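**Student:** Below you will find the structure I want to go over with you.
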Amino acid sequence: MDCRRKLERPEETHADTGRTCKLYAGRTREANPGLLTARQKRYHCATVLPGSYQVGQLYSVAEASKNETGGGEGIEVLKNEPYEKEGEKGQYTHKIYHLKSKVPGFIRMIAPEGSLVFHEKAWNAYPYCRTNDFFIKIETWHKPDMGTLENVHELDPVTWKSVEVVPIDIADRSQVDPGDYKEDEDPALFHSEKTGRGPLGPNWKKELASRQDCPRMCAYKLVTVKFKWWGLQNKIENFIHKQEKRIFTNFHRQLFCWVDRWVELTMEDIRRMEDETQRELEEVSMNVFKIS
């Protein structure tokens, strides 16, 4: 196996109205019953070189932001820009989740205007990413392993016990929604002309794990979703978790298959691209506002 290939897996998510926990990684544990529950999902994404992954990650975030933005029902990206605070540098994103069509009709009738629109604000540092928002929180650690670390976010024993692990394999087409599938973004088919990476066969993770001379990195993501309407918790949480899993899966498939576009870019190139993307996002948001 070529040392330069890349590995992906899933991330972690919480949701509150109560709290139910799911963890995307490879094992399942029962969630604690009760009024207060937290749902957690954990995704692991292992790549080859941390330095090159950062460039690829930022490039793919910029591209994916444009692809995900469009208003209406679904996910809208308003901001994607670098930030620096208290010596920490990273990427700031602001997303809006439009959930009106995802809840029962009687709820739409009684829900106050704007109550089914949720904001996610994320501050993604590298190698540690921290996200804080009233409804959604995403925390990420990047580690040089194959996703084998447990409780990397150091959750308390009660919370950790309630976590469900769900694995994501970027080379597994069955994990991709039919409407999202693109042949040129399939790691099982893609071969990089510039790096020699790919295609990823069915045993690519085992092959990478057996090659100790091949550098690798895994992203551990913990996502917390808070929702306060009793009776709607599962509906909203399931929708958000489904969307997060879809985004994580598609994003890392794209990151791998776009490697020839970003492997030779510098951070200066990325910053220029981010500025252009931000201008495009602002134009799209203005147009959506005028139409509505």
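Just so we're aligned, residue 1 is where the sequence shown starts under UniProt numbering, counting upward by one.
Cβ coordinates follow ideal geometry from the N, Cα and C atoms, glycine included.
Predicted, not measured: the structure shown is a model, and the values here were computed from it.
For ASP184 and LYS143, I'd like the C-alpha separation in whole angstroms.
**Tutor:** C-alpha separation (whole angstroms): 28 Å.
**Student:** Compare the beta carbon distance of residue 342 and LYS121 with 9 Å and say whether it is the shorter of the two.
**Tutor:** This structure cannot speak to residue 342, because the chain is shown only from 1 to 292.
**Student:** Rounded to whole angstroms, what is the Cα-Cα separation between ASP145 and ASP169?
**Tutor:** Straight-line Cα distance between these residues: approximately 16 Å.
**Student:** According to the Cβ coordinates, are SER52 and GLN254 closer than 9 Å?
**Tutor:** Taking 9 Å as the Cβ cut-off, SER52 and GLN254 do not qualify as a contacting pair.
**Student:** Round the Cβ separation of PRO178 and PHE190 to the nearest angstrom and send it over; I've been treating them as touching at under 8 Å.
**Tutor:** With a Cβ gap of about 19 Å, PRO178 and PHE190 do not count as contacting.
**Student:** Using 10 angstroms around the beta-carbon of PRO187, count the other beta-carbons present and answer buried if the total reaches 16, otherwise exposed.
**Tutor:** So PRO187 counts as buried.
**Student:** VAL77 to LEU149, Cα distance in whole Å?
**Tutor:** Answer to the nearest angstrom: the Cα atoms are 32 Å apart.
**Student:** Just verifying my parser: in three-state terms, what is the DSSP assignment at VAL176?
**Tutor:** Correct three-state label for VAL176: coil.
**Student:** DSSP has HIS119 in a bridge; who is on the other side?
**Tutor:** HIS119 pairs with ILE96.
**Student:** Expressed to the nearest angstrom, what Euclidean distance is found between the alpha-carbon atoms of THR249 and ILE138?
**Tutor:** Cα-Cα distance, rounded: 16 Å.
**Student:** Just curious, the alpha helix (DSSP H) that ILE247 is in, first and last residue?
**Tutor:** From DSSP, the alpha helix (DSSP H) with ILE247 extends over 233-257.
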